[in-house]
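K.L.:
Before anything else, here's the structure in question.
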Amino acid sequence: MTLTDRYVTATLSRLAEDQRSDVESQLREAIGDAVDDRIDAGVPAGQAERDVLNEMGDPERLAASYADRSLFLIGPEYFLAWKRLTVLLLWIVLPIMAVLIPLGGWIDGDGWATILGTTVGGTLTVGVHLVFWVTLVFAAIERGRVKASDVTEPWTVDRLPEQRDATVTWGDTAGTVVVIALTTVALVWQQLWPWARTADGEGLPLLDPSLWTFVLPALLVVMGIELAAAIARQMRGHWTMRDWWLNVAVNVAGVALVAVPVVGGEWLNRELFAEIGWPDAATDLTIANLEWGTLAIVAAVAVWDIVDSYRKARRAR
Amino acid sequence: MLDPDLIAQHRQELRRGTTSLACLALLAATPDYGYRLIGRLADLGFEVEANTLYPLLRRLDKQGLLSFEWDTSEARPRKVYATAPAGIELVSLLRADWNRLTEALDRMDRP
Chain A
635 MTLTDRYVTA TLSRLAEDQR SDVESQLREA IGDAVDDRID AGVPAGQAER
685 DVLNEMGDPE RLAASYADRS LFLIGPEYFL AWKRLTVLLL WIVLPIMAVL
735 IPLGGWIDGD GWATILGTTV GGTLTVGVHL VFWVTLVFAA IERGRVKASD
785 VTEPWTVDRL PEQRDATVTW GDTAGTVVVI ALTTVALVWQ QLWPWARTAD
835 GEGLPLLDPS LWTFVLPALL VVMGIELAAA IARQMRGHWT MRDWWLNVAV
885 NVAGVALVAV PVVGGEWLNR ELFAEIGWPD AATDLTIANL EWGTLAIVAA
935 VAVWDIVDSY RKARRAR
Chain B
320 MLDPDLIAQH RQELRRGTTS LACLALLAAT PDYGYRLIGR LADLGFEVEA
370 NTLYPLLRRL DKQGLLSFEW DTSEARPRKV YATAPAGIEL VSLLRADWNR
420 LTEALDRMDR P
């Protein structure tokens, strides 16, 4: 088999059956004419053949050119639709997975290291799958010679994004105030008016009463700072990056204040649970599960708040 | 001093599409086979690679703009392409467009 034969075979193998004989005759003509021309000019035969085939280039590229096949996965017609859909789906699906997977692990009673591992691994896997399948569908559409206008809506000015207001909304501030007020009331309420009592009438608060030596007063102070910051922001009327940094500090402090007693196993009042006889033999849940669940919710809210306030602060710049 | 890459990029954009027109126009004047057509194009300043020209000829043939006959007078059979009536019609259309562009450019004030 000569080099030319191998080149022709390599090209034809990428073409549909009914195109092959036609392309083969043309290709042999093209290579033969070019080689003869070089030999006439004094180039040795073997060298001439090599040079010509090198100039013809990658057989797969040549075959794509013959078959009018695109040499890209997703072309400019579909790229934006692909990108928007991928980003949208990732934003919808991944947060749901990041909540559901640890919830499932927690219900199964897994340790926190296992939960962390399965959450990171599972979310990543779902993300990779999502990008892969969306890309596969778009690559198929690209090759199916479907017109882009049949699949995507043409762009009009109606699709321009809303110019979002950088000012602080009353709704945001009211929300913050209400959440802080309710949490404060709940903290005090569970201590002063506990819903369970021992046989001799002593109150049993939900949270470990020893937390009042430091953790709970500190939480109240942190919430007080957040409240003051929210009101100051409302009066100022717009977000600043300093608001964001303060928000990060407040959230980190809040999570840390809950995390320390949860790790030490003294967030919930063990005496209360002993008194009411729960968790009993009918459940696999432990008090520690409840504590870690609380921490997970507090941490999730804090992360969301940090991300959300970052967007608002950046928009205001 | 202009960046050579920049010039090459703009030249390529300007020339894109002129190869088909040049092929159709040349083959309307004298039918020819691929390799000699590359030479004729090169003589006129159209640098076209073989791996571009042969697939192009086949595409123009499929579109009914070219027709071909086998030349078997030599050891190697060759497809001799000629511009079909539809191709000639397209050449005159594209040539008119091209001339309009040239006139428009001439009318513009030169810098």
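Taken in order, these protein sequences are the chains called A and B. Using our numbering, the first residue of the first sequence is number 635, and each one after it goes up by one. Using our numbering, the first residue of the second sequence is number 320, and each one after it goes up by one. Cβ coordinates follow ideal geometry from the N, Cα and C atoms, glycine included. Note that this is a predicted model, so its numbers are computed, not measured.
1) What's the gap between the Cα of residue 365 of chain B and the Cα of residue 338 of chain B?
2) In its own chain, which residues sit with a C-beta less than 7 Å from the C-beta of residue 775 of chain A, not counting the 5 before and 5 after it?
3) Within 8 Å, do at least three Cβ pairs link the region 334–354 of chain B to the region 667–675 of chain A?
4) With C-beta atoms as the reference, is residue 852 of chain A less than 7 Å away from residue 891 of chain A?
5) Leaving out five residues on either side along the sequence, give the residues of the same chain with a beta carbon under 6 Å from the beta carbon of residue 855 of chain A.
6) What do you reckon, are the CB atoms on residue 940 of chain A and residue 903 of chain A nearer than 7 Å?
7) Could you tell me which of A/723, A/636, A/736 and A/698 sits nearest to residue 931 of chain A, measuring between CA atoms?
8) Quick test of your reading: residue 396 of chain B and residue 659 of chain A, contact by CB under 8 Å. State the CB separation rounded to the nearest angstrom.
9) Is the separation between the beta-carbon of residue 374 of chain B and that of residue 655 of chain A shorter than 7 Å?
10) Three-state secondary structure (DSSP) at residue 428 of chain B?
11) Quick check on residue 674 of chain A - is its C-beta less than 7 Å from some C-beta in chain B?
12) Kindly indicate the opening and closing residues of the beta strand (DSSP E) around residue 938 of chain A.
13) By DSSP, does residue 650 of chain A sit in helix, in strand, or in coil?
14) Among A/867, A/801, A/746 and A/765, which one has its Cα closest to the Cα of residue 896 of chain A?
15) If residue 347 of chain B and residue 406 of chain B are in contact, beta carbons under 8 Å, what's the gap, nearest whole angstrom?
16) By how many angstroms is the C-alpha of residue 726 of chain A removed from the C-alpha of residue 763 of chain A?
17) On a Cα-Cα basis, can you pick out the residue from A/676, A/642, A/751 and A/741 that is closest to residue 696 of chain A?
18) Select from the region 739–771 of chain A all residues with a C-beta closer than 7 Å to any C-beta belonging to chain B, and list them in chain order.
19) So the candidates are A/640, A/845, A/739 and A/900; which of them puts its Cα closest to the Cα of residue 683 of chain A?
20) To be precise: take each residue of the region 389–422 of chain B, compare its Cβ to all Cβ atoms of chain A, and keep it if any distance is under 8 Å. Which residues remain?
21) For chain B, is any of its Cβ atoms less than 7 Å away from the one on residue 663 of chain A?
22) For residue 888 of chain A, count neighbouring Cβ atoms within 10 angstroms of its own Cβ and tell me buried if that reaches 16, exposed if not.
23) Would you tell me roughly how many angstroms separate the C-alpha atoms of residue 402 of chain B and residue 380 of chain B, rounded to the nearest one?
24) Could you tell me which of A/950, A/729, A/912 and A/715 sits nearest to residue 769 of chain A, measuring between CA atoms?
25) Shorter than 7 Å from the beta carbon of residue 374 of chain B to some beta carbon of chain A?
26) Between residue 691 of chain A and chain B, is the shortest Cβ-Cβ distance under 7 Å, so that the two count as touching?
27) Since residue 950 of chain A and residue 874 of chain A should fall inside the 8 Å C-beta cutoff, what is the C-beta to C-beta distance between them, to a whole number of angstroms?
28) Does DSSP classify residue 837 of chain A as helix, strand or coil?
29) Using a Cβ-Cβ distance under 7 Å, would residue 361 of chain B count as near chain A?
30) Quick one, which of A/865, A/830, A/801 and A/766 has its alpha-carbon nearest residue 808 of chain A's?
31) Would you please verify whether the beta carbon of residue 353 of chain B is less than 7 Å from any beta carbon of chain A?
32) Would you mind stating whether residue 772 of chain A and residue 673 of chain A have Cβ atoms separated by less than 7 Å?
33) Let's see if you can read the secondary structure: which residues bound the alpha helix (DSSP H) around residue 324 of chain B?
34) Counting contacts by CB-CB distance shorter than 7 Å, is residue 709 of chain A in contact with chain B?
35) With burial defined as no fewer than 16 other Cβ atoms inside 10 Å of the residue's Cβ, what is the status of residue 839 of chain A: buried or exposed?
36) List the endpoints of the continuous alpha helix (DSSP H) containing residue 772 of chain A.
P.N.:
Quick look at the numbers:
1) C-alpha separation (whole angstroms): 7 Å.
2) Exclusion of the five residues before and after residue 775 of chain A leaves 712 and 785 as the residues of its chain whose Cβ lies within less than 7 Å of its Cβ.
3) With the rule of 3 Cβ pairs closer than 8 Å, the region 667–675 of chain A counts as touching the region 334–354 of chain B.
4) Taking 7 Å as the Cβ cut-off, residue 852 of chain A and residue 891 of chain A qualify as a contacting pair.
5) The answer is none, since no qualifying residue turns up.
6) No, the pair does not count as a contact, with Cβ atoms beyond the cut-off.
7) Cα-wise, what sits closest to residue 931 of chain A is A/736.
8) Indeed, because the Cβ distance is near 7 Å, the residues count as touching under 8 Å.
9) The answer is no: Cβ separation not under 7 Å.
10) Residue 428 of chain B falls in the coil class under three-state DSSP.
11) It does not: the Cβ of residue 674 of chain A has no partner Cβ on chain B nearer than 7 Å.
12) In the DSSP assignment, residue 938 of chain A falls outside any beta strand (DSSP E) and lies within the alpha helix (DSSP H) extending over 921–950.
13) The DSSP-derived three-state label of residue 650 of chain A is coil.
14) The shortest C-alpha separation from residue 896 of chain A is found at A/746.
15) Confirmed, about 7 Å.
16) C-alpha of residue 763 of chain A to C-alpha of residue 726 of chain A: approximately 14 Å in a straight line.
17) Scanning A/676, A/642, A/751 and A/741 for the CA closest to the CA of residue 696 of chain A turns up A/642.
18) Going along the region 739–771 of chain A in chain order, one finds no residue with a Cβ nearer than 7 Å to chain B.
19) A check of alpha carbon separations from residue 683 of chain A across A/640, A/845, A/739 and A/900 identifies A/640 as the nearest.
20) Taken in chain order, the members of the region 389–422 of chain B whose beta-carbon sits within less than 8 Å of a beta-carbon on chain A are 395, 396, 397 and 398.
21) Chain B contact via Cβ: present.
22) So residue 888 of chain A ends up on the buried side.
23) Residue 402 of chain B and residue 380 of chain B: Cα-Cα distance of roughly 9 Å.
24) Among A/950, A/729, A/912 and A/715, the Cα nearest to that of residue 769 of chain A is on A/715.
25) Output row for residue 374 of chain B: interface = yes.
26) Residue 691 of chain A counts as touching chain B.
27) That pair is a contact at about 7 Å.
28) Strand at residue 837 of chain A.
29) Interface criterion not met: the Cβ of residue 361 of chain B is under 7 Å from no Cβ in chain A.
30) Across the set A/865, A/830, A/801 and A/766, the C-alpha of A/865 shows the shortest separation from the C-alpha of residue 808 of chain A.
31) Taking Cβ atoms only, chain A reaches closer than 7 Å to residue 353 of chain B, which makes this a yes.
32) Residue 673 of chain A is positioned such that its CB atom lies no closer than 7 Å to that of residue 772 of chain A.
33) Annotation: the continuous alpha helix (DSSP H) that includes residue 324 of chain B extends over 323–334.
34) So no, residue 709 of chain A is outside the interface.
35) Looking at its Cβ environment, which holds 16 or more other Cβ atoms inside 10 Å, residue 839 of chain A is buried.
36) 746–777 is the span of the alpha helix (DSSP H), which, as asked, contains residue 772 of chain A.
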